[in-house]
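What follows is a single structure, written as structure tokens, with notes after it.
Number of protein chains: 2
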Amino acid sequence: MAAVLSEGLAMLATLLRQVPYLSEEDIEAFLPLWKRLVTLKRHDFLIQAGQVEHNLYFVASGVLRIYYPSQAEEICVGFGYANNMVCSFPSFVDNRPSDYCLQALKKCELLAISRTDFTDFVERNACFARFWRQELERVLVGRIEREIDLLLPEPERRLARLLARSPHIFQRVPKKYIASYLRMSPETLSRLR
Amino acid sequence: MAAVLSEGLAMLATLLRQVPYLSEEDIEAFLPLWKRLVTLKRHDFLIQAGQVEHNLYFVASGVLRIYYPSQAEEICVGFGYANNMVCSFPSFVDNRPSDYCLQALKKCELLAISRTDFTDFVERNACFARFWRQELERVLVGRIEREIDLLLPEPERRLARLLARSPHIFQRVPKKYIASYLRMSPETLSRLR
DNA sequence: GCCAAACCTTGACTGGAATCAATATTTAGC
DNA sequence: GCTAAATATTGATTCCAGTCAAGGTTTGGC
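Top to bottom, those sequences are chains W and X.
Residues 2 to 194 in the numbering used here are what the first sequence lists, from first letter to last.
Residues 2 to 194 in the numbering used here are what the second sequence lists, from first letter to last.
Quick look at the structure:
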């Protein structure tokens with residue numbers, strides 16, 4: 002167990018060391034804040050709608066889906082992969098109940114840092130503030146591109162854009178979730194291939 | 002002309018003074034960086050697809066639409082109102098040609114700050130770095146909520162969510178652009194009312 | 001490795017939004 | 001305020017993607 006935690010921390014450290022303006026001291030100060038290891042079995046929930054998201058997570062292994070449970074349907078709005086951070090972002094930022102569910106699609110191992118530990122650190126460390134700002138910019142740009150995908154009227158073009166941008170998804174995630182993510186039925190996605 | 006510029010700066014200052022942790026000195030240092038006044042007539046472009054976005058804009062008056070010119074269609078992805086900042090964000094952040102057009106829907110007056118002036122200032126001023134980070138978080142949360150709007154299969158529910166969140170749009174923007182923003186035809190929007 | 005469950009594919013049918021078209025209304029600009 | 005242009009509405013029709021249903025395939029878990 003402790004081995005998994007330190008393995009995850011090593012992955013996170015490797016990622017942070019690629020950011021040129023983050024010093025080794027900063028990174029060493031940051032890593033211990035990731036105190037908790039979360040292990041999920043397939044179909045376990047990291048968070049359910051209605052709960053407040055108190056943590057940011059780093060995915061050490063596994064895949065998750067993020068979905069919006071609307072009436073009967075479940076609308077898939079994204080996925081979480083190894084080496085990425087995930088959380089129910091609006092809930093995490095505004096400290097309010099989540100509209101979203103995060104569910105493991107296979108066995109997952111995640112590191113957790115609490116909101117307070119994270120925001121305190123970012124407020125105090127200018128380099129990490131810059132890092133987080135650039136992460137937010139990167140994610141925001143991604144969301145804006147994604148919006149085009151969703152606005153295209155033809156299922157075919159929506160699929161083509163996803164294939165161009167994230168072909169790896171199709172190897173890792175059941176097609177029915179991808180179909181939902183592309184706002185089409187699984188049957189339509191199947192017929193397009 | 003100079004009067005309009007200082008009027009715009011006064012609007013911007015009023016907005017910034019509402020952020021508790023921004024000192025008057027910081028604000029006074031920031032404002033002079035908004036050097037340029039841009040005036041647009043109806044249907045003029047602030048930026049066209051293919052151009053690089055070198056500025057961030059503050060809308061002093063008027064309304065703009067942001068759209069993606071895809072093949073024949075024009076897909077509306079957002080609007081810019083008075084007292085808000087706008088730009089072709091992916092282009093501004095990554096210094097690459099814009100995929101989007103920003104067009105005035107009526108006479109607009111905007112203040113402009115260059116990317117370099119803006120980013121230099123934010124890198125040097127920790128309080129403004131915090132402000133910008135929180136702006137990014139706020140905008141990102143908005144985009145995530147918007148994504149649900151787009152994923153809902155029923156035009157009726159998409160419209161209902163927009164009416165709940167931004168009823169003011171319907172007073173300021175031609176319906177045909179709102180229809181595009183809601184990914185439905187103008188006829189469908191008309192029939193829903 | 002085996003079994004059961006989950007997932008995917010294919011076909012037939014249906015419904016709802018897009019399109020086309022014509023008229024009415026609003027708005028911009030002189 | 002007037003005129004032309006832009007926008008909005010309403011109706012008739014079409015067509016594309018959703019639904020339903022059945023069979024086939026893959027995958028997870030013991």
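No residue lacks a Cβ here, since even glycine has one placed at the ideal position from N, Cα and C.
All values derive from a computational prediction rather than experimental measurement.
Outcome for residue i when other beta-carbon atoms lying within 10 angstroms are tallied against a minimum of 16
i         : result
Ala-104/X : It should be noted that the sequence gives Gln, not Ala, for residue 104/X. By the 10 Å Cβ count, Gln-104/X comes out buried.
Pro-91/W  : buried
Phe-59/X  : buried
Asp-150/W : buried
Ser-181/W : buried
Tyr-68/W  : buried
Ser-24/X  : exposed
Leu-164/X : exposed
Gly-51/X  : exposed
Glu-54/W  : buried
Glu-138/W : buried
Tyr-22/X  : exposed
CB of residue i within 8 Å of CB of residue j, strictly
i         : j         : result
Phe-93/W  : Leu-141/W : no
Gln-144/X : Leu-183/X : The amino acid occupying residue 144/X in the given sequence is Arg; Gln does not appear at that position. No, Cβ-Cβ distance for Arg-144/X and Leu-183/X is not below 8 Å.
Glu-157/X : Leu-193/X : yes
Leu-65/X  : Leu-106/X : yes
Cys-102/W : Ser-62/W  : no
For residue j and residue i, the rounded distance between their alpha carbons
i         : j         : result
Val-87/X  : Leu-47/X  : 10 Å
Gly-148/X : Glu-148/W : Reading off the sequence shown, one finds Glu at residue 148/X, where the question assumed Gly. The straight-line gap from Cα to Cα measures roughly 7 Å.
Leu-41/W  : Asp-27/W  : 30 Å
Leu-13/W  : Ala-30/W  : 13 Å
Gly-81/W  : Asn-96/W  : 21 Å
Cys-128/X : Glu-136/W : 18 Å
Leu-6/W   : Ala-83/W  : 14 Å
Leu-10/X  : Phe-171/W : 50 Å
Ala-217/W : Val-123/W : Given a span of 2 to 194 for chain W in the structure shown, any question on residue 217/W remains unanswerable.
Ser-99/W  : Leu-111/X : 36 Å
Thr-120/X : Arg-162/W : 31 Å
Phe-132/W : Arg-134/X : 10 Å
Leu-153/X : Pro-33/X  : 44 Å
His-44/X  : Glu-155/W : 28 Å
Gln-19/X  : Glu-8/X   : 17 Å
Pro-187/W : Ser-71/W  : 18 Å
Asn-126/W : Gly-79/W  : 30 Å
Gln-49/X  : Met-185/W : 31 Å
Ser-167/W : Asn-85/X  : 33 Å
Val-174/X : Glu-146/W : 23 Å
Ser-89/X  : His-169/W : 28 Å
Boundaries of the beta strand (DSSP E) in which residue i is found, first to last residue
i         : result
Arg-66/X  : 65-71
Gly-81/X  : 74-81
Gln-104/W : 102-105
Leu-34/X  : Unbroken run through Leu-34/X: none, as it is neither H nor E.
Leu-47/W  : 46-48
Where the alpha helix (DSSP H) through residue i begins and ends
i         : result
Ser-1/W   : Given that chain W is displayed from residue 2 to residue 194, the structure contains no residue 1/W and the question cannot be resolved.
Arg-125/W : 116-125
Leu-38/W  : Segment 37-41 is the beta strand (DSSP E) holding Leu-38/W; no alpha helix (DSSP H) there.
Ala-161/W : 156-166
Ala-61/X  : No alpha helix (DSSP H) holds Ala-61/X; the beta strand (DSSP E) holding it covers 56-62.
Leu-190/X : 187-192
Val-172/W : It should be pointed out that residue 172/W corresponds to Gln in this sequence rather than to Val. Residues 170-173.
Pro-91/X  : 90-95
Spell out a yes or no on whether the stretch 101-117 of chain X and the stretch 33-47 of chain X are touching, meaning 3 or more CB-CB pairs, one atom from each, closer than 8 Å.
The stretch 101-117 of chain X, when compared against the stretch 33-47 of chain X, does touch it at the 8 Å Cβ threshold.
Decide if the stretch 168-181 of chain W is in contact with the stretch 70-78 of chain W; the criterion is three or more beta carbon pairs, one per stretch, under 8 Å apart.
Touching, per the Cβ criterion.
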